[in-house]
Every structure is written in C-alpha cells, then in structure tokens.
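*Asks:*
There are 2 protein chains.
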Amino acid sequence: MRYLPVFLLLVFVSNAQVKKEQLNLMPWPQKVEVSSAVFLLNKDFKINSTGNFDARILKGASRFLRRLDERTGLFFTQAYVTKPNEFPEAQLQINCLRKGKLGLNEDESYHLSVLSNKILINANTDLGALHALETLSQLLQNNGTEFYFPAVEITDSPRFSWRGLMIDAARHFQPVDVIKRNLDGMAAMKMNVFHWHLADNQGWRIEIKKHPKLTELASDGDFYTQEEIATIVKYAADRGIMVIPEIDVPGHASALLAAFPEIGSKMNDGIPYSVSRKSGIHDATLDPTNPKTYQVLGDIFAEVCPLFPSPYFHIGGDENNGKEWNANPKIQEFKKKNNLETNHDLQTYFNMKLVPMLKKQGKQLMGWEEIMTKDMSKEAIIHAWRGVNEGMEAGGSLVKAAKSGYKTVLSNGYYIDLMLPVDSHYLNDPMPKNVDLTAEEKSRILGGEATMWSELVTPLTIDSRIWPRTAAIAERLWSNDTVRDLESMHKRLKQISFRLEEIGLTHIRNKEVILRNIANYQGTKALNDFTKICEPYKVYKRNGGGKKYFMHSPLTLFADACNADASDAYEFNKAVNQYLTDKDELSQKEIVYYLKQWITMNEELIVMSKNAPLMQPILPMAQQLSTIAVELVANLENKKALNKTLIQENLKLLNERNSADVELVIYESLKKLADL
Amino acid sequence: MRYLPVFLLLVFVSNAQVKKEQLNLMPWPQKVEVSSAVFLLNKDFKINSTGNFDARILKGASRFLRRLDERTGLFFTQAYVTKPNEFPEAQLQINCLRKGKLGLNEDESYHLSVLSNKILINANTDLGALHALETLSQLLQNNGTEFYFPAVEITDSPRFSWRGLMIDAARHFQPVDVIKRNLDGMAAMKMNVFHWHLADNQGWRIEIKKHPKLTELASDGDFYTQEEIATIVKYAADRGIMVIPEIDVPGHASALLAAFPEIGSKMNDGIPYSVSRKSGIHDATLDPTNPKTYQVLGDIFAEVCPLFPSPYFHIGGDENNGKEWNANPKIQEFKKKNNLETNHDLQTYFNMKLVPMLKKQGKQLMGWEEIMTKDMSKEAIIHAWRGVNEGMEAGGSLVKAAKSGYKTVLSNGYYIDLMLPVDSHYLNDPMPKNVDLTAEEKSRILGGEATMWSELVTPLTIDSRIWPRTAAIAERLWSNDTVRDLESMHKRLKQISFRLEEIGLTHIRNKEVILRNIANYQGTKALNDFTKICEPYKVYKRNGGGKKYFMHSPLTLFADACNADASDAYEFNKAVNQYLTDKDELSQKEIVYYLKQWITMNEELIVMSKNAPLMQPILPMAQQLSTIAVELVANLENKKALNKTLIQENLKLLNERNSADVELVIYESLKKLADL
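Chain order of the listed sequences is A and B.
Under full-length UniProt numbering, the first sequence has 413 at position 413, and the numbering climbs by one with no breaks.
Under full-length UniProt numbering, the second sequence has 305 at position 305, and the numbering climbs by one with no breaks.
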C-alpha cells in the first residue's frame with residue numbers, strides 16, 4: 001500500500017522533461033530553471049577545474065566523482081581530479097576565480113548550467129563551486145537503464161552567512177569518525193559553521209599539553225588529541241566549513257574543576273569536584289576572583305586558539321546558577337569591593353577579563369545569550385538560545401542583541417536534541433517577522449545553528465538525532481524565506497535522507513542495529529512497524545529531572561530506535577484528517593490497513609517478547625493500541641458500534657507516562673476516530 | 001517458515017538447565033562444565049578487580065560492563081571500573097597475578113566460574129582475564145523477562161600462540177575507525193596478532209616525518225599519521241593484541257618508488273613510477289644493488305619500528321617477478337660479481353641486509369614464504385601463504401619451514417578475500433595431519449593468520465569480508481583440534497555474528513546500505529532475498545586478469561552486498577539433499593516454499609528495475625532462476641512432467657559468467673532437482 005506506488009510514479013524517460021517540482025534539491029536554490037534536454041552520464045564522464053582556487057576544490061571534485069560513481073556503478077575512468085586544467089575537454093567544467101575565505105560574509109554564490117553535452121560551474125570562490133557540486137549531485141535522475149542530469153540553469157547563494165551545527169562532545173564523547181561524517185552531512189547541506197562543544201560538567205575533551213591532568217582526570221580517557229583537532233579543522237575547511245571551539249565557562253565546569261579544584265568557587269565542604277555523570281544544571285563554577293583562574297584559562301586558550309583558524313571563540317557563559325558564588329564569603333566580599341551588584345555583574349567582570357585574553361590570540365568572543373549584560377563588549381557575538389522552555393520569549397534575546405548592537409546567531413527553535421517535529425524547526429526563521437528592525441540591525445542577525453546536545457545520544461544514535469531534520473534547518477538558513485511549503489519539504493527530505501546515508505551517515509542503518517538487539521535477533525519487522533508510530537518523549541520529558549539517565553546509562557532502548565517525525569504516524573494522521581473531512585473510501589481503507597497492521601504487530605510483539613526482555617516496556621502500549629484498533633476496525637468495516645468505555649480506558653492508559661519513554665503519535669487521531 | 005521456529009525454540013526458564021550444546025561460545029573453550037544453577041543479572045551487578053595487573057584489565061572490565069548494560073538495558077549503577085579492589089563485595093571478581101606480555105608463548109589461560117551468587121575469573125595474566133570476560137559475555141542467556149548466566153566452570157587456554165588477522169590498508173585505505181572496530185572483533189574472538197599491511201603498489205599509508213614525500217606523492221592523501229599508528233597500537237594492546245607492521249619490499253613497491261624513483265630497478269624508459277590503480281603482480285622493485293635503497297629503508301625503519309613495541313617486523317618479500325632485475329644490466333653485473341646465481345639469491349642478499357638493520361631496531365624479520373631461501377637467517381618467521389591457487393601444495397611451505405628450523409605462521413587456507421565458504425577455512429588446520437613432525441618442529445608452527453587483502457573491499461564492505469568467517473578461523477586457532485563439527489559451528493557462528501555487530505562491526509548493517517542504493521530506495525526485500533542465494537565470484541574470478549576493477553572502481557554493486565555462505569542457499573541445499581535421500585514431505589514443502597519465493601522475487605525485481613539501473617545486471621539470472629523454479633514447482637506439486645529442454649537452457653545460462661559477478665550457489669541443487 002505504501003511502497004508500490006512509489007516506483008510506478010518515479011518512472012522517467014530520459015528525454016521527458018523533469019518538472020522543477022520533481023527535483024529533490026535541498027536547500028532549495030534561489031533560482032532554478034529546467035528545460036527539456038538531459039545530460040546523459042556514462043563512464044567517460046570527466047571533471048576539469050580552471051581558475052584560481054585552493055586545492056580543496058580538486059579534493060571536493062574527486063569526492064563528487066567517486067560518490068557519483070558509487071551511486072551509479074558506471075566505472076568512471078577518471079580516478080581523481082588532481083591538478084588544474086587536467087582535462088580541458090571534460091564534460092564538467094568547474095571555474096572559480098579565487099580561494100574563498102572561511103568566515104562571515106564571504107561570497108558563496110555559484111552558477112550551475114547543465115546542458116545536453118556540457119555542465120558548467122562558475123563561482124567567484126571555490127566555496128561556491130563546492131556548493132554547486134552538492135546541488136549537481138542532488139540533481140541526478142534515472143530511468144530503468146540510464147542516469148542523467150536534467151538540463152537546468154541554477155543561480156544560487158545563501159540567505160544567511162552563519163549556517164551552523166553544534167555538536168556536544170562533552171556529555172557523550174563523539175569520536176573523530178562521528179565528527180567527520182557529520183561534517184560531510186553539513187557540506188552536503190551547504191552548512192558552513194561547525195560549533196564544537198568541547199568541555200562541560202561531564203567531560204573535558206581536548207588535549208592540553210601543558211596540563212595533561214585535564215584529560216587524565218576529567219575525560220574518562222575520551223578526548224581529542226591536538227593532532228585530531230587539527231585534522232578535523234582541516235577536514236572541515238576542505239568542505240568549506242569553519243570550526244568554532246567552545247570551552248564553556250565559568251559554569252559547566254565540573255570537569256575542568258575535577259582537574260583544577262583550586263580555581264573553583266566552592267567552599268571546601270570535603271566533597272571534591274568530580275566529573276559529573278548526571279544531566280541538568282550543575283553548581284560547579286570557576287572563581288572569577290582568583291588570579292589563577294585566568295592563568296589556567298590563559299594556558300588553555302594559548303593551546304586551543306591556534307588550533308582553530310576561525311576568528312571566533314565560544315566561551316559558553318550559560319546557566320551559571322550562582323550558588324557557589326552566593327555561598328562563598330570571599331566572592332561576596334570581592335563583589336562589594338568592586339561594586340559588582342549582581343552575579344550577572346560578576347560574570348560580566350569575568351567575561352570582560354577574557355576579551356583581551358582572547359584578542360591576544362586573535363579571537364573575538366562568542367557566548368550564549370547570558371553573556372549579554374550591560375557592560376559586555378559589542379564585539380561579542382550573542383548566541384540566542386532560550387525560549388519558552390526557559391520561561392522566555394522565543395527569539396527575544398536575538399532581537400535584543402541585534403538592537404543593542406551585537407552580532408547574533410539563533411539557536412532557539414533549532415534544539416534538535418528535543419526530538420521535536422521537523423516542521424517546528426523548518427518554520428522557525430532567524431529573521432523575526434513582527435519586529436521592526438533597521439537594515440543595520442537585520443544585518444547583525446548572522447543566521448542560525450542547530451544544537452545537538454548529547455545527554456541522550458551516543459555515537460550509535462547521534463546521526464539519527466541530527467539527520468535528516470537538520471537538512472530542513474539548513475534550508476531555512478540558505479533558501480529564500482518564501483520557501484516554506486511543508487509538503488514539498490517532507491517529500492524532498494525523504495530523498496535527502498537517503499543521500500545523507502550515501503556519504504556515510506548512519507541515521508538509517510543503525511536503527512536496525514538497535515532493534516536487532518531489542519528483538520534478541522528474532523527479526524525486526526514488528527518492532528520497526530511500532531517505531532513508525534512512536535516518538536521519544538520530547539523536550540526534557542524523557543529524562544525528567546535528570547534522574548533516569550546518567551551518562552553511562554544504556555541508550556540502546558526502544559526510544560533510541562524511535563525518532564521525531566514517525567513516518568507511518570505522519571501518513572495515518574493525514575488519512576484520518578482526510579477521512580474526517582471527506583468520509584472517503586480511500587482514506588478509510590488506508591486507516592483500516594494501518595489499524596490491522598497494528599493488531600498483527602501486537603500479536604508478533606507478544607510472541608517475540610517471550611524471548612526478549614528488552615521488549616517488555618513496549619508491550620502494554622502495543623496491547624492498548626491493538627484493543628482500540630480492533631474496535632475501530634469493527635466500526636469502520638462493519639459499522640459495529642464502538643465500545644467507548646473500553647476505548648476510553650485504553651486511551652487513558654496510552655496517555656500516561658510509560659517506561660518505554662515514547663509517545664504514541666497517532667494518539668490524537670485514535671481519539672478523533674473514537675469520537676465519531 | 002524460517003523465522004518462526006527460532007523464537008519458539010529459544011524460550012528458556014531461568015531455572016531450567018542450559019545444555020552445553022546450547023551455549024553460543026566461540027572459540028569453544030578447552031573445558032566447559034554446566035550445572036543447573038543460574039546467576040541472575042540485575043542493575044546492582046558490579047565488577048571488582050584484584051591482583052597485579054595492567055590498567056588494561058580495568059578498561060576491559062569497563063567495556064564489558066557497558067556492553068552488557070547496552071545489551072540488557074538494566075541500568076547498572078557502576079559506571080566504570082576505575083581502580084583495584086574498588087568494590088570488594090562485587091558479584092564479579094576478577095583476579096590476575098601479573099601483567100601479560102604481548103608476544104609468543106605468553107600465558108593466556110583463564111578459569112571462569114559462574115555460581116548462583118558470584119562470578120569468579122582467575123588468570124595468571126590480565127590477558128587471560130580479558131579472554132574470560134569475552135567468554136562470560138557470550139554466556140549470557142535470557143527468558144522473556146530476565147537475563148542470566150548459566151552456572152559453569154570453564155578452564156581455557158589457546159592451542160596456538162599466533163592467532164592473527166592481516167588487514168591490507170594499502171590497496172584500499174582503511175581509516176582508523178575501521179581498524180579499531182576490527183580490533184574489537186579480534187579481541188571478542190580471542191585473537192592476538194594484528195598484522196598491518198601498510199605499503200603496496202597502490203599506496204604508501206604511513207607518515208614518515210623525514211620523508212614527507214612518501215605520503216605526499218604516494219598516498220592520495222590517505223595515510224595514518226604516526227600519532228594515529230601509536231593510538232591504534234595502544235588500542236590493540238589494551239585488548240591483548242600485538243601489532244606487526246608490514247612494509248612490503250623489494251617488490252610491491254610502486255608507491256614507494258613513486259616517491260623515490262632513484263632506488264627502483266627499472267631502466268629509464270621515460271615512464272615514471274606511479275601509484276598503481278590496478279590489481280595483480282607489478283614489476284616495480286627496489287634496486288638491491290643501490291646503497292641508497294638501504295639508506296631510505298633505514299630511515300623508514302628508524303621511524304616505523306619504534307611505533308610498534310612488538311619484536312617482529314614483516315618485510316613482505318613476496319611476488320617479486322624479477323622483470324626489472326632481469327632487464328637491468330647493472331643489476332645483472334652485480335649478481336655476477338657477487339656470485340648470486342638467481343634472482344632468489346639476489347633477494348636473499350637483499351633480505352639479509354635488512355636483518356641487521358631491523359635487529360638494530362630490536363626487531364626480528366618476518367616475511368612471506370618467498371624469503372625462505374637457503375641462506376635466510378633462521379631467526380626469520382616464515383609466513384606460509386601459497387597453495388593450489390599458486391600451483392603449490394597447500395601448506396607445503398609451512399612444513400618445509402618447520403622442518404628447516406624456522407618459526408612459521410599459516411595463511412594458506414585463510415585467505416578470506418577469496419570469498420570461500422567458512423567450512424573450508426574452519427577445517428584448515430595449521431598442524432599438518434599427514435606429515436611426520438618432531439615435537440620441536442611442531443612447536444615452530446606458531447599458528448595462523450586470516451588475510452584480508454583489499455583489492456575489492458572498501459570501508460563500507462570490509463567488515464562483511466572479515467566477519468563472521470574469521471570467527472571460525474579464530475576457533476580453529478584457539479580450540480582443541482577435535483572441535484570441528486560443522487553444524488555446531490554454523491549454529492554458533494550465526495549468533496556470534498550478532499555479537500560482533502554489538503561491538504560496532506558493520507558487516508550486517510552495511511548490506512542494507514548497498515541494497516538501498518541499488519534499489520534506488522524502493523525497498524530492499526527482493527534484492528535481499530536474492531543475496532541469500534548468490535555469492536560473489538570466488539578466488540580471483542571476480543576481477544579476472546585485474547581488468548574490470550581498478551582501485552577507484554565502485555564497490556557498491558550487488559556482488560558487494562552478497563557474501564560467502566549465502567544463508568538461504570545453505571538451507572535450500574540441505575533441504576534438497578534431504579529430499580533426494582528421503583523424498584520426505586517436509587523437505588519438499590521447504591523446497592517449494594523457496595522456489596515460489598524466487599518466482600515472486602523475480603517479479604518484484606522486474607518491476608523495481610524500471611527505476612533502478614543498478615539492478616539490470618542481475619535481472620537475467622533472476623529470470624533464469626524463475627523459469628526453472630516454475631517448472632520445478634509444477635513438477636513437485638502437481639507431478640507435471642518437467643520441460644527438461646527449457647531447464648537445461650536456463651541452467652546453461654546460469655552457469656555462464658554474468659556481469660553481476662556473482663554465482664548462484666543453489667545451482668547444483670537445481671540441477672539435481674531437474675534430474676529427478
């Protein structure tokens with residue numbers, strides 16, 4: 001029912017015109033024109049580069065060539081693109097005028113022209129040319145025997161200059177290969193800022209040669225060497241991505257203080273600072289009154305800053321709860337002496353001490369919005385993150401920053417760790433709609449950044465939390481603000497998700513790994529069906545109060561195999577809404593099809609659970625769903641009256657917190673059907 | 001038909017006795033006794049370590065704890081095992097007397113005792129204790145709600161001291177994460193030697209600081225830094241694995257000579273040495289008469305040797321075809337002058353020059369069997385590899401080496417790149433059966449090594465070529481030689497394969513990645529069914545003559561999703577043999593079930609192929625199979641006479657070389673059924 005129509009619909013003939021709407025481009029380019037011709041691919045396809053550029057375009061073109069060959073199996077004769085103007089007659093000609101600089105306001109535009117016998121990429125910088133290759137890669141079409149590019153003219157450039165992804169490598173360490181494959185994903189989505197959260201309460205993740213005890217005492221052995229950092233920075237630069245390090249201070253400091261307790265603010269209570277195994281806001285805070293604090297940070301900056309060519313350095317600065325400061329008379333004394341009324345003032349004092357330290361290293365300070373206090377340097381970049389979950393107005397601090405003269409980046413609304421639907425992120429625009437901003441103020445809004453906090457992700461699952469939703473955020477940050485059709489986005493995102501797998505991301509394949517273990521290797525069909533209507537608890541519900549999951553807790557559970565935007569739920573909910581409006585037979589059939597599937601699924605789950613303890617937590621939900629489904633099917637097919645009491649009872653149970661930590665996202669639809 | 005019985009059979013009750021035969025242990029221990037008690041796992045499960053040991057046992061115990069928690073979802077309270085005797089009351093007590101030394105003849109024995117309330121591991125060395133943890137991990141059982149260990153007494157130690165895996169990182173580069181996860185796989189299978197093939201015609205893969213041009217000119221940017229090498233050596237040591245580097249000389253030298261053409265043996269013909277993109281034996285050979293050859297190798301050894309604490313250094317030494325030597329008058333002159341009659345003598349001259357150079361670095365020389373010439377130092381280890389494929393007697397050189405006073409390691413019969421059935425590797429014993437060897441000669445046979453040559457594998461597919469078959473080789477090298485029941489091995493290997501996925505190997509998950517691309521994302525069921533009866537062409541047939549696949553050719557094809565030991569073929573062939581003997585109804589039903597499945601599969605493949613060019617190469621085979629299957633079903637079910645001409649025609653076509661590079665491994669069974 002769901003699979004068959006797909007391949008019938010997608011049959012093209014290589015000379016038939018491909019309609020613009022059929023293209024699975026993401027982010028959608030600024031201007032696309034399609035004509036009826038096609039460029040047919042064969043094994044003699046070659047690439048040539050001309051102009052002035054960094055070697056990275058050669059590497060990028062080689063990657064493109066190999067990816068295309070692996071996707072098509074055409075056995076291209078060209079192995080690599082190794083030097084300028086190597087094959088002047090090549091079908092794909094890349095010309096760029098100069099090497100692009102990673103940073104704000106660089107030219108990333110390109111023009112891509114596919115003709116029947118030639119493909120031309122023209123860009124001012126190699127950054128634009130790299131983007132063009134990603135667009136071209138997405139343009140590939142096929143019929144039953146041939147691969148081809150439709151003839152197009154594409155003119156493209158980004159709407160925002162800062163299109164970022166943050167990965168928290170502190171709470172759960174993310175090895176080099178995880179970072180690399182996600183940089184590949186970013187490049188495919190034309191994202192250009194990788195923000196690397198390298199230190200937090202749960203771990204210190206970067207080698208500091210002068211102070212080896214930082215990683216010895218505060219990393220559990222999981223950290224990046226400086227060579228690894230350099231490798232990744234280079235890897236990112238080769239893909240047109242700037243890397244911003246974050247060392248979160250003065251709060252979020254349990255790990256740092258496990259190595260340097262003497263610069264903490266805590267009164268000696270006999271309990272030493274230690275690397276935390278928990279989530280949530282912690283008390284551990286650096287002592288801003290202690291000269292040694294700045295000495296240690298100076299040592300750290302002196303080693304970290306040179307590893308990152310970018311001019312920005314993120315100091316965190318968020319969620320300092322002030323408890324240790326309040327409890328420490330010496331710090332209170334200092335505040336009085338220096339006319340620092342509030343803890344905010346003290347933190348500004350601290351932050352302002354860092355400004356020249358970083359400037360000495362050639363860096364501008366960036367920090368979470370809490371750093372925006374009245375005396376904060378206007379050179380700082382304000383990273384807006386709080387919103388309704390923190391009792392604040394969504395995007396409020398972004399506007400305040402722009403109006404106050406700060407450059408600013410939006411992350412509120414892009415917290416992908418909260419497992420919210422892609423629609424919510426996609427419709428979240430960095431440029432506020434209902435606020436009057438001058439052109440200058442608007443220009444201070446640099447863009448946005450998806451934030452992958454890692455309390456509840458491991459290398460096994462992190463890709464599935466980042467992708468494919470981040471691709472939709474990438475489109476929001478690159479494309480015209482009028483590009484906001486949800487149906488189109490969903491259709492394209494599905495294909496893009498496969499493309500992301502092609503470059504090595506594991507968001508699709510690792511789901512089966514988790515399910516195989518849960519099923520104790522009895523086959524995953526029933527479990528997989530169930531994941532298509534369940535989503536992990538959203539926002540902070542899954543680990544409510546931080547009491548269930550510690551950093552060493554298993555994240556190989558049913559909730560970890562589930563994801564936002566459960567696919568069958570999306571289809572089912574659409575069908576139910578359609579049916580409720582039209583009472584049409586097709587929708588009814590689809591609804592019944594799904595309901596019956598879930599009845600069978602429940603039976604399979606029960607049998608399998610006899611040999612699979614990890615399935616126990618999901619059994620009650622499956623049974624409740626099945627009970628309701630049986631009633632609904634009988635009603636829809638045979639017009640048998642519904643047993644409303646039975647349905648109500650089960651709906652109530654389904655709505656309660658369950659130990660599987662997932663919500664059944666067809667709940668509202670079931671309720672609607674039961675109300676008929 | 002195939003899945004359902006599995007979960008019904010596996011239902012245990014936690015107090016019921018688990019029979020020895022039900023345990024999925026691999027390699028099978030020397031002595032196993034099972035009693036009726038069980039040790040029930042719960043979240044309070046803790047580990048304690050006592051004795052004198054390296055920190056690696058703490059790390060190993062921590063990994064064990066986390067893996068067990070991820071498998072069971074029990075939320076253990078203990079996060080890591082961080083210091084000796086941390087929890088004296090812990091249920092699992094590990095005691096070892098001393099730190100084990102990586103190398104030959106070290107004590108790797110252990111005793112594992114599972115009681116109803118306590119688990120005791122006793123070992124002389126921490127290496128033995130690590131092995132015990134792997135055994136314990138494999139012992140885990142479950143019913144529907146509980147996980148438990150059956151009470152056992154296991155006394156275990158390896159039969160051979162050298163249980164190796166070689167990975168060729170030269171032909172296709174294998175990044176750090178690929179090596180790491182395979183080291184984890186090795187450790188799980190109690191293997192203890194990782195042989196790292198670091199240089200060959202197709203690439204130079206190790207940073208040499210004194211000669212950066214080696215990687216600049218001869219690696220395509222794909223190489224290990226010295227820091228990465230050191231990290232991996234440490235990672236391996238933490239898992240009880242010794243790492244042996246191989247720099248293959250004097251042949252296999254195209255990459256080395258691309259950087260240092262002046263030490264090549266070739267007469268200047270205007271064609272410079274270059275990194276090769278092809279498979280097969282190459283001419284490029286170092287010039288043994290040139291002092292600079294030894295100077296360059298000396299520089300290389302001086303940097304490579306200190307990175308590897310192991311006392312062995314593999315110099316390759318294989319497949320020198322002598323062409324360049326024969327064609328070079330200067331070299332011929334040198335031979336005459338030095339009374340070197342043959343090229344073998346000249347190569348021995350070369351090898352013997354390396355002996356003291358390596359000794360200076362604290363290393364003993366190891367090489368492929370070609371180094372075993374009459375004047376070769378008896379200190380060298382001879383790596384036996386040639387057999388019937390090379391026109392030699394299988395294992396002949398191993399016997400010769402042992403009899404001649406050399407220590408020796410067997411790889412003939414363990415060439416896992418040849419895609420041969422696991423049975424052939426499993427039954428290949430390093431200790432020759434029909435040869436009289438003295439005890440001393442026998443003691444020179446150190447063990448064996450699986451060799452993963454990488455002409456036809458990439459990081460996407462390499463795990464599936466190594467695993468699970470290498471687990472069976474590991475059993476051959478560890479367990480008693482009487483352990484050779486194929487049914488038992490197959491049963492256990494299936495479960496072990498899942499365990500290998502648990503530690504991060506991608507041999508299962510990546511198959512779907514390849515199939516999704518081939519199917520153009522239309523669903524993979526039909527393709528997957530087909531992979532279960534197809535195997536890639538074996539030995540050197542797939543790339544016969546080295547003309548089809550170059551190093552940059554796509555390895556994302558149907559043959560790459562297929563594997564040795566196609567599972568449905570294994571079942572079908574068994575059923576056919578049973579049926580031909582007994583004419584029983586059950587076998588007949590199973591045969592018909594499969595035949596009908598392949599008829600449906602063919603229909604699905606045809607429909608899907610309308611939108612998937614990569615499926616074209618497999619369509620003819622599927623159609624031929626379907627045509628035969630239709631006939632056979634009609635015959636088996638309705639006793640309709642077979643159209644033998646039609647069947648013969650299609651069998652003939654099935655037996656011809658196809659462009660999908662796979663063989664249908666039910667071919668013989670179809671033939672038998674058609675002959676009825």
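Quick reminder that beta carbons are idealized off the backbone N, C-alpha and C, glycines included.
1) Roughly how many angstroms separate the alpha carbons of A79 of chain A and G523 of chain B, rounded to a whole number?
2) Could you pull the DSSP bridge partners for Q93 of chain A from this structure?
3) Residues in the same chain with beta-carbon distance under 7 angstroms from V633 of chain A, minus the five sequence neighbours each way, listed in chain order, please.
4) Measuring straight from C-alpha to C-alpha, what distance separates A253 of chain B and F260 of chain A?
5) Which residues, in order along the stretch 351 to 363 of chain A, keep a beta-carbon less than 9 angstroms from a beta-carbon of chain B?
6) If you drop the 5 nearest sequence neighbours on each side, which residues of the same chain put their C-beta closer than 7 angstroms to that of S669 of chain A?
7) Could you pull out every residue in the same chain whose Cβ sits closer than 7 angstroms to the Cβ of E33 of chain B, ignoring the five residues on either side in sequence?
8) Measure the beta-carbon distance from G316 of chain A to I247 of chain A and round it to whole angstroms, keeping in mind my assumption that it falls under 8 angstroms.
9) Taking 7 angstroms as the cut-off, is the C-beta of H111 of chain A nearer than that to any heavy atom in the ligand COA?
10) In angstroms with no decimal places, state the Cα-to-Cα distance between Y224 of chain B and K234 of chain A.
11) Could one say the Cβ of A237 of chain A lies closer than 8 angstroms to chain B's Cβ atoms, at least one of them?
12) Can you list, in chain order, the residues of its chain with a C-beta nearer than 6 angstroms to that of N124 of chain A? Leave out the 5 residues immediately preceding and following it.
13) What would DSSP say about P306 of chain B, mapped onto helix, strand or coil?
14) Is R657 of chain B close to chain A? Criterion is C-beta to C-beta, closer than 8 angstroms.
15) With DSSP run on the structure shown, which of helix, strand or coil describes Q295 of chain B?
16) Is it true that the stretch 458 to 472 of chain A meets the stretch 397 to 412 of chain A, where meeting means three or more beta-carbon pairs spaced less than 8 angstroms apart?
17) So if I threshold CB-CB distances at 7 angstroms, which residues from the stretch 453 to 473 of chain B count as touching chain A?
18) For V6 of chain B, does the three-state DSSP call read helix, strand or coil?
19) Check this for me: beta carbons of A526 of chain B and L605 of chain B, under 8 angstroms apart or not?
20) How about Q30 of chain B and S157 of chain B: do their beta carbons lie closer than 8 angstroms?
21) Near V193 of chain B, which residues of its chain fall below 6 angstroms by C-beta distance, leaving aside the five closest residues on each side in sequence?
22) In this structure, does DSSP put P620 of chain A in helix, strand or coil?
23) Can you tell me which of the three DSSP states P84 of chain B falls into?
24) Skipping 5 residues on each side, what residues in its chain have a beta carbon closer than 6 angstroms to that of Y415 of chain A?
25) Starting from E33 of chain B and walking both ways along the beta strand (DSSP E), at which residues does that stretch end?
26) Whole beta strand (DSSP E) runs in the stretch 500 to 528 of chain A with 3 or more residues, listed along the chain?
27) Using a threshold of 8 angstroms, state whether the C-beta atoms of I518 of chain B and V665 of chain B are closer than that.
28) How big is the Cα-Cα spacing for A471 of chain A and T482 of chain B?
29) Would you be able to state if there are at least three C-beta pairs under 8 angstroms between the stretch 198 to 216 of chain B and the stretch 163 to 178 of chain B?
30) For the alpha helix (DSSP H) holding D238 of chain B, just list the boundary residues, first then last.
31) Just mark D69 of chain A as buried or exposed, buried being the case when its beta carbon has 16 or more other beta carbons within 10 Å.
32) Which of the residues in the stretch 604 to 620 of chain B, read from start to end, lie with their CB under 8 angstroms from any CB of chain A?
33) Could you give the distance in angstroms between the alpha-carbon of V539 of chain A and the alpha-carbon of D318 of chain A?
34) Can you tell me which of A:H344, A:H197 and A:S36 puts its alpha carbon nearest to the alpha carbon of P150 of chain A?
35) So, with DSSP's three-state summary, where would you put P158 of chain A?
36) Give the residues of chain A in contact with S553 of chain B, contact being defined as C-beta atoms less than 8 angstroms apart.
*Replies:* Taking the coordinates as given:
1) Their Cα atoms are separated by approximately 31 angstroms.
2) Note: Q93 of chain A sits in a beta bridge opposite A:N48 and A:L120.
3) Cβ neighbours of V633 of chain A within its own chain (closer than 7 angstroms, five residues either side excluded): V592, L595 and K596.
4) Going from the Cα of A253 of chain B to the Cα of F260 of chain A covers about 52 angstroms.
5) Taking a C-beta cut-off of 9 angstroms against chain B, none of the residues of the stretch 351 to 363 of chain A qualify.
6) Excluding sequence neighbours, S669 of chain A sits near F572, N573 and V576.
7) In the same chain as E33 of chain B, and ignoring 5 residues on each side of it, the C-beta atoms closer than 7 angstroms to its own belong to V152 and E153, in chain order.
8) About 7 angstroms separates the CB atoms of G316 of chain A and I247 of chain A; that is less than 8 angstroms, so the two are in contact.
9) For the ligand COA, the structure offers nothing, since it holds no ligand at all.
10) Using only the alpha carbons, I get a separation of about 15 angstroms.
11) Residue-level contact check: A237 of chain A does not touch chain B, since none of the beta carbons of chain B fall below 8 angstroms from its beta carbon.
12) Once the five neighbours on either side are set aside, the close Cβ partners of N124 of chain A are L97 and D107.
13) Looking at P306 of chain B - three-state DSSP - the assignment turns out to be helix.
14) No - not a single Cβ of chain A is within 8 angstroms of the one on R657 of chain B.
15) Helix.
16) Verdict: no, contact absent.
17) Residues: none.
18) In this prediction, V6 of chain B scores a pLDDT of 39, lower than 50, which makes its location untrustworthy; no coordinate-derived value is stated.
19) A Cβ-Cβ contact shorter than 8 angstroms links A526 of chain B with L605 of chain B.
20) It is a contact, given that the beta carbons lie within the stated cut-off.
21) These residues qualify, in order along the chain: W162, G164 and M242.
22) Under the three-state reduction of DSSP, P620 of chain A is assigned to helix.
23) Coil at P84 of chain B, not helix or strand.
24) Cβ within range, chain order: T451.
25) E33 of chain B -> beta strand (DSSP E) spans K31 to L40.
26) List check, beta strand (DSSP E) in window: nothing returned.
27) No, these two residues do not count as a Cβ contact at 8 angstroms.
28) Looking at the two C-alpha atoms, the distance is approximately 56 angstroms.
29) Contact holds: three or more Cβ-Cβ distances are below 8 angstroms.
30) Element bounds for D238 of chain B: Q226 to D238.
31) Result: buried.
32) Listed in sequence order: V607, M608, S609, K610, N611, A612, P613, L614 and Q616.
33) Between V539 of chain A and D318 of chain A, the C-alpha separation is close to 18 angstroms.
34) Answer by Cα proximity: A:S36.
35) Assignment of P158 of chain A by DSSP, reduced to helix, strand and coil, places it in the coil class.
36) Per Cβ cutoff of 8 angstroms: D69 and F75.
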